[in-house]
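Structure record follows, encoded as structure tokens.
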Amino acid sequence: MMNELQQMDQLFDRLFPLFRSITGEGVRQTLHILQEYIPLEIEEIPSGTTVFDWTIPKEWVIREAWIKDSSGREIINITNSNLHVVNYSEPIDRIVSLDELKQHLFTIPHLPDAIPYVISYYKERWGFCMSQQQLDALVDDQYHVYIDSEKMDGVLNYAQAVLPGKSKREVLITSYICHPSMANNELSGPIVAAFLYQRLKKWEQREFTYRFVFHPETIGSIAYLAKYGEHLKENLYSGMVLTCLGGKDKSLSYKMSRKKQAPLNALVEYMVKYGKSDMGMRSFSPLNGSDERQYCSPGFNLPMGQFSRMVYGQYPGYHNSLDTKEEMTIEALLQSVDELEEILQLQELNGFYYNLKPFGEPQLSKYDLYPDLNAPTIRGKSSNTLIDNRQHLNQVLMLLNYADGIHSLTDIAAKMNYPLKDYKMSIDRLKEAGLLDGPFRDQQGEIG
Amino acid sequence: MMNELQQMDQLFDRLFPLFRSITGEGVRQTLHILQEYIPLEIEEIPSGTTVFDWTIPKEWVIREAWIKDSSGREIINITNSNLHVVNYSEPIDRIVSLDELKQHLFTIPHLPDAIPYVISYYKERWGFCMSQQQLDALVDDQYHVYIDSEKMDGVLNYAQAVLPGKSKREVLITSYICHPSMANNELSGPIVAAFLYQRLKKWEQREFTYRFVFHPETIGSIAYLAKYGEHLKENLYSGMVLTCLGGKDKSLSYKMSRKKQAPLNALVEYMVKYGKSDMGMRSFSPLNGSDERQYCSPGFNLPMGQFSRMVYGQYPGYHNSLDTKEEMTIEALLQSVDELEEILQLQELNGFYYNLKPFGEPQLSKYDLYPDLNAPTIRGKSSNTLIDNRQHLNQVLMLLNYADGIHSLTDIAAKMNYPLKDYKMSIDRLKEAGLLDGPFRDQQGEIG
Amino acid sequence: MMNELQQMDQLFDRLFPLFRSITGEGVRQTLHILQEYIPLEIEEIPSGTTVFDWTIPKEWVIREAWIKDSSGREIINITNSNLHVVNYSEPIDRIVSLDELKQHLFTIPHLPDAIPYVISYYKERWGFCMSQQQLDALVDDQYHVYIDSEKMDGVLNYAQAVLPGKSKREVLITSYICHPSMANNELSGPIVAAFLYQRLKKWEQREFTYRFVFHPETIGSIAYLAKYGEHLKENLYSGMVLTCLGGKDKSLSYKMSRKKQAPLNALVEYMVKYGKSDMGMRSFSPLNGSDERQYCSPGFNLPMGQFSRMVYGQYPGYHNSLDTKEEMTIEALLQSVDELEEILQLQELNGFYYNLKPFGEPQLSKYDLYPDLNAPTIRGKSSNTLIDNRQHLNQVLMLLNYADGIHSLTDIAAKMNYPLKDYKMSIDRLKEAGLLDGPFRDQQGEIG
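Below, the structure is given as structure tokens:
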């Protein structure tokens, strides 16, 4: 039986070659394969439907696309790379001069080996992408350009799976499934999401309900919000967009939610400051990024952040054929799964607690939570293990004093420099002793 | 026909010699000359009227004032400088010894050439001002001191002109007209205000109603507030006291309003941080300054700041005869008019905008506001000029995401480092596209 | 007649030898002696009474305790130091081997001369304390251990005295009276509290009612809060726990209240920043300290801070026999009384004032509060002393502008760098002139 890493590697290899776009068979094939890992329900919305300011486009079907020179020699063909044709390109079948051809060719001059990824969803165009080296090798000639594509009434697909928890309040985990053969910028998100689902399914209990959503980027999240936006406004506690989660030796990086009080903003800020020095934070910005631009648009302003590792726009392979499995590494995806699972666990732990005996300190020695002897050195055997565990005692005292429904666990933990997860044992023991209740998710009043 | 600079210079020369005080003919002559530049309505309030804790003083009339020695030689005479007599001095006609005379003489020892400006409005006194050199030249002699002055029932005058705008909310621009022959500390404010009026009159449209007010300092603003204070509390959006606006090579400097949310506080802070590095800011303080001490008294707490350039108390000529046109320069006044006009234009632009399609991003390419092609290099002609104007696109995305009635334009602009005025084009295009509404002047809720 | 220092010294010598614990005769003897200095009413609460999560323990009576070797030679005896027996020790009368004895002996290895102070209030145990040197001198022998102690139904005592003021709002000053012969960690607090009482009794007027409370630490404050906690929640304006107030060359140090808006937090912060550079501040923490842990528990969250000088845990003599009068010094206690009295005086002065003529500046020269002449130099005699007192004038102007019920006196004073106490004269003069009212204790609205 394969281990998790091998399973992720296998899933990657099955998904990579598919010819995805924002609509069509590639999306559906991708979702069907993912259903083997996560019980997705696939939904569809017909071409022509209005979703807010947008209209669902026709499905784009691409059957064949190539360029041949006057001798019939093939210059490029999408059978070699599905990046070779401009995504959503119009059909064409003509003989053109080199000069005219060049008006329809896209390259990346400073990356002579790379085929760029180019799209023109909403403007009618035809075009090809190739490496700069291929372009430089073209001679003055007549070229046959051939694209057998079609735009037809169809649907836009997205899919979701819900993992219920004790509370109806939800945590949304979402990624996109609309780019052709790219690794970090396309497949890292869905693969991490699918395996994160499997981890969460195994948890003994879940406080929150977890909703996993896969859709094409931008138009897909807008279509999803048109149907589920109101539900999310009512029920969403926290959420994350997953994108570009590969990259060897790259640290996990959190893009803050536009909504300042988003639970992940405070949680990650705490972890960065006190626990996990290698995690990074980025400000929210609508200027670039992924679907958080939609989820955090002012009409929704949902408490969603975004996690990334080898961030879009900041590595050579971004949006071109150099975005490969080798550069991404499956190991980095597994590390992302590990780290995101821990963050989600801490999010379950975080919140507002109540001291159930808030008038003075409880008599902690009754509960074996305090030393029963006050002495500088103990020669005999102490009846109480706490005396050797000052950290635990400190946490107990801190929790009891600040568990007032106003200070969150991160607020409390920030007063000392213990990692957040170390509070779990103290919280559990205080709850067993009947001294603590929580976590609750909403602050009662202001710190003052 | 004279240009603006020449007109300002001419106005200066007409106003400089007048013998102004807080009441009387000098004030009225000054206002009558200003009426040629701005349609002021002059109002009056009788001596003896109670205005809050104060009483309008009698008018002071000064006809003659000089000192002669025992040989009849004239030592000083106000025909040479209207600073030679203590403002509001009692009449006197006596022969006095040098010792007695010295009890009534004011000089500035560390500025031997300067005649100080001395006032005693509310305490009966007689006195003369002269240079330290003149004092040092006095010999032991009998001196004839002569002041032909009179305090009589009359009025205190102030004047105003209103330039209507689309909104009834007002912007107040005020200066004082009560000092005798001083340039920077007296005439810079009224001249800048008058020419600012002429600029604003020419604007194609004005969002706000602009109110220009001229009054004597302190007692004048208190008298004005006694009549118009309630009107201002209801209608004032923003305002500025103009004083000491000359000074070659001096930067414009803003004294913040006591009221922290005063629109100019945020606007100027933004400009200083991001746009106009040579502008300065000063904290509010009631310890010194001009009529903002009254406008910002706690009973009114109006959103008024103060603009200055060569600041009172911080240049040698302050309150003495060295405060001349040469030190002030008419060019600095013109620069003040230019800069204040720009600030007022930005104040019209600033405020809270609303994204009219706030659910997800609008489909910007429909409005020619977004590139219709996503490609690393464009060899052909783009149908869309935006692709070469990343700044414009960034502004569009920022405005749409943060135009929520909570973030002001300065809040939004502070997220990038473009000058505020550069947003005008993006705002106009978004409004044309039906995507943006505003500016509104009041924040809806808190950033959170 | 003795001066204050001599009286304090005498009181110290009377209290030091008493055998105090959290209950019993030692506590009562201590309170009876203190009654000669402060009219304490002594209250009692029976053993077995439930106070919140705690139960009042039985009284511990200790009559005799010693160790003898097999030759009958006395090794230690509590007649030499009342630290030699573990506080609340069970009775014992046995012959034990050296090995067994060592299981019941406490020392401080790194302080070979010191006898530690050890308690075991809530766990049954017997034990002795001695210096490491004494321990090292023990030879292999049979030892007679003898403790004649008894736990019997009795009471827990605490005591209080109230000094009435104009307002029913209270200031609480509290210390503990439960440690045997230690100087800084036991007697410094009660002695300073008693002499502070005498100072406050002599004040011409008191705005607040002052409540002085003495109780055993922890169980005592919890018992006190069980009876008076609701009263304090309703009436307490401010309060301080006094502990460890000795220490030559040590600065006074304030541990902030958990309640951020506690008046002492702002007052001491102001003093540290602007007036009293040698005073220190410590954050609130429930991890260690004294009865502020109870007063600031979340069910009460009272506005109480704590004052200390040679802070618990931070000096060699802490909780052992090196905590002597010589290390503490009576002089340091007197200095604490001086400094705390000044802080209490400033607390009476601090608060929110109202300008009674808030529309514009009042005509200050009418009240002899403003120069009646504006001149660079005065050769004659000014009728007004203010002209030579710019500090006073600045304070007057600041107070009038910011006395709006929103800015506290410390907020106002923070705008300049005059010591807080210097405002007293300006405030008094403004009140005499009918221009100012206050101080009030509650803020009206927010600074904005």
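Protein chains in written order, with the UniProt record's numbering: chain A, 1 to 448; chain B, 1 to 448; chain C, 1 to 448.
Note that CB positions come from ideal geometry on N, CA and C, so glycine has one too.
Quick caveat, the model's predicted, so the values are computed rather than measured.
### Message
Taking the straight line between their C-alpha atoms, what separation do you get for Cys-129(A) and Trp-54(A)?
### Response
27 Å
### Query
Can the beta-carbon of Ser-181(C) be found less than 8 Å from the beta-carbon of Ser-89(C)?
no
#### Entry: Reference Leu-31(B), options Pro-57(B), Phe-212(B) and Lys-102(B), closest by Cα
Phe-212(B)
### Contact check, Glu-44(B) vs Asn-157(B), beta carbons under 8 Å
yes
### Message
Could you give the first and the last residue of the continuous alpha helix (DSSP H) run that contains Glu-432(B)?
### Response
423 to 432
### Message
If the criterion is Cβ atoms closer than 8 Å, does the pair Met-398(A) and Met-425(A) meet it?
### Response
no
### Task
Would you decide whether Met-8(B) is buried or exposed? Buried here means 16 or more other CB atoms lie within 10 Å of its CB.
buried
#### Entry: Delimiting residues of the beta strand (DSSP E) encompassing Ser-188(B)
Note, Ser-188(B): premise wrong, no beta strand (DSSP E); alpha helix (DSSP H) at 188 to 201.
### Candidates Glu-4(A), Ser-290(A), Ala-262(A) and Val-118(A), of which the one nearest Gly-189(A) by Cα
Ser-290(A)
### Query
Beta-carbon of Asn-235(A) versus every beta-carbon of chain B: anything under 8 Å?
no
### Message
Taking its Cβ as the centre, do 16 or more other Cβ atoms sit within 10 Å of Ser-283(C), making it buried, or is it exposed?
### Response
Exposed: under 16 other Cβ atoms inside 10 Å.
### Task
Just grab the DSSP bridge partners of Gly-305(C) for me.
Residue pairing from DSSP places Gly-305(C) in a beta bridge opposite Met-240(C).
### Span of the alpha helix (DSSP H) around Ala-413(A)
For Ala-413(A), the enclosing alpha helix (DSSP H) starts and ends at 409 to 413.
### Query
Quick one: is Gly-448(A) near chain B, going by C-beta distance under 8 Å?
no
### Close beta carbons around Ser-408(A), own chain, < 8 Å, minus the five adjacent residues each side
So the qualifying residues of the chain are Ala-266, Asn-350, Gly-351, Phe-352 and Gln-443.
### Message
Give me the subset of the UniProt domain "UCP01524 winged helix-turn-helix" (353 to 437) of chain C whose CB atoms are less than 7 Å from a CB atom of chain A, sorted by chain position.
### Response
none
### Message
Measuring alpha carbon to alpha carbon, tell me which residue in Asp-278(B), Thr-209(B) and His-110(B) is nearest Leu-135(B).
### Response
Of the candidates Asp-278(B), Thr-209(B) and His-110(B), the one whose C-alpha sits nearest the C-alpha of Leu-135(B) is His-110(B).
### Task
Compile a chain-ordered list of the residues in the region 292 to 309 of chain B whose CB is closer than 7 Å to at least one CB of chain C.
If you check each beta-carbon in the region 292 to 309 of chain B against every beta-carbon of chain C, the ones closer than 7 Å belong to Arg-293, Gln-294, Ser-297, Pro-298, Gly-299 and Phe-300.
### Query
How about Leu-267(C): is its C-beta nearer than 8 Å to some C-beta of chain A?
no
### Complete alpha helix (DSSP H) runs within the region 221 to 304 of chain B (minimum length 4 residues, chain order)
263 to 270 and 292 to 295
### Message
Please report the distance separating the alpha-carbon of Glu-446(A) from that of Ala-262(B).
### Response
26 Å
### Task
Go ahead and pull the three-state DSSP assignment for Thr-385(C).
For Thr-385(C), the predicted structure reports a pLDDT of 44, less than 50, and the residue's modelled location is therefore unreliable. A value from the coordinates is still provided. It is helical.
### Message
Please report whether the beta-carbon of Trp-203(A) lies at a distance below 8 Å from any beta-carbon of chain B.
### Response
Not closer than 8 Å to any Cβ of chain B, the Cβ of Trp-203(A) fails to qualify, so no.
### Message
Quick check on the burial criterion: 16 or more other C-beta atoms within 10 angstroms. Buried or exposed for Arg-14(A)?
### Response
exposed
### Per-residue contacts from Val-118(A) into chain B (C-beta, under 9 Å)
Leu-373, Asn-374, Ala-375 and Pro-376
### Message
Can you find the residues in the same chain that come closer than 8 Å, C-beta to C-beta, to Arg-199(C), ignoring five residues on each side of it along the sequence?
### Response
Val-337 and Glu-341
### Message
Between Ala-161(A) and Leu-344(A), how many whole angstroms is the CB-CB distance? I'm expecting something under 8 Å.
### Response
Between Leu-344(A) and Ala-161(A) the Cβ distance is about 16 Å, and since that is not below 8 Å, they are no contact.
### Query
Is the CB-CB distance between His-319(C) and Pro-116(C) below 8 Å?
yes
### Message
Let me make sure I understand the geometry here. Which of Glu-269(A), Ile-412(A), Asn-355(A) and Phe-440(A) has the alpha-carbon closest to that of Arg-429(A)?
### Response
Asn-355(A)
### Query
Skipping 5 residues on each side, what residues in its chain have a beta carbon closer than 6 Å to that of Pro-303(C)?
Ser-238, Ser-257, Lys-259 and Ala-262
### Query
What residues match up with Trp-54(B) in a beta bridge as DSSP calls it?
Val-51(B)
### Query
So is Arg-94(B) in contact with chain D if we call contact Cβ pairs under 8 Å?
No chain D appears in this structure, whose protein chains are A, B and C.
#### Entry: 8 Å Cβ cutoff met for Arg-309(A) and Leu-245(A)
In this structure, Arg-309(A) places its C-beta atom within 8 Å of the C-beta atom of Leu-245(A).
### Task
Please classify Phe-359(B): does DSSP put it in a helix, a strand, or coil?
coil
### Query
What does a CB cutoff of less than 6 Å around Asp-278(A) pick up in its chain, not counting 5 residues either side in sequence?
Ser-251
### Task
Assess, as a yes-or-no matter, whether the region 165 to 175 of chain C is touched by the region 69 to 78 of chain C under the definition of 3 or more beta carbon pairs within less than 8 Å.
no
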